[in-house]
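Let me begin by presenting the structure, written as structure tokens, before commenting on it.
Residue numbers (full-length UniProt numbering): 1 to 82.
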């Protein structure tokens with residue numbers, strides 16, 4: 001079980017093709033703080049590489065979303081992948 005499984009579950013339950021969550025909302029969903037690296041664009045990078053070691057990416061990709069950090073806002077936009 002990954003620390004980011006609750007985020008994946010939350011995203012899987014969404015009906016919208018696009019949604020935004022603040023860092024605080026994501027932390028509430030996770031029940032834990034995001035790491036400091038989450039403030040960097042690279043942390044939210046979307047990759048389809050099945051060998052990535054970044055478990056956070058697997059959580060939103062597995063739920064069918066791409067993630068995009070909204071710079072300077074501590075917000076993330078999730079867009080459903082078609």
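Where a beta carbon is used, it is the ideal one built from N, C-alpha and C, also for glycine.
Please read these numbers as outputs of a predicted model, since none were measured by experiment.
Between the segment 65-75 and the segment 22-41, do three or more beta carbon pairs fall short of 8 Å? Verdict: yes, contact present.
Is residue 66 closer than 7 Å to residue 55 when the C-beta atoms are compared? As a first step, residue 55 is located in the chain shown; it is residue number 55 there, counting from the start. As a first step, residue 66 is located in the chain shown; it is residue number 66 there, counting from the start. The Cβ atoms of residue 55 and residue 66 do not sit closer than 7 Å to each other.
Entirely enclosed alpha helix (DSSP H) segments - the UniProt domain "DUF7662" (4-79), minimum 4 residues: For the UniProt domain "DUF7662" (4-79), whole alpha helix (DSSP H) runs of length 4 or above, ordered along the chain, are 5-12, 23-30 and 55-62.
Do you know how far the Cα of residue 45 is from the Cα of residue 12? In the chain shown, the residue the question calls residue 12 occupies position 12. In the chain shown, the residue the question calls residue 45 occupies position 45. When only Cα atoms are considered, residue 12 and residue 45 end up about 19 Å apart.
When we look at the beta-carbon of residue 63 and count the other beta-carbons within 10 Å, is it buried (16 or more) or exposed? Here the question's residue 63 lines up with position 63 in the chain shown. With 16 or more Cβ atoms within 10 Å of its Cβ, residue 63 is classed as buried.
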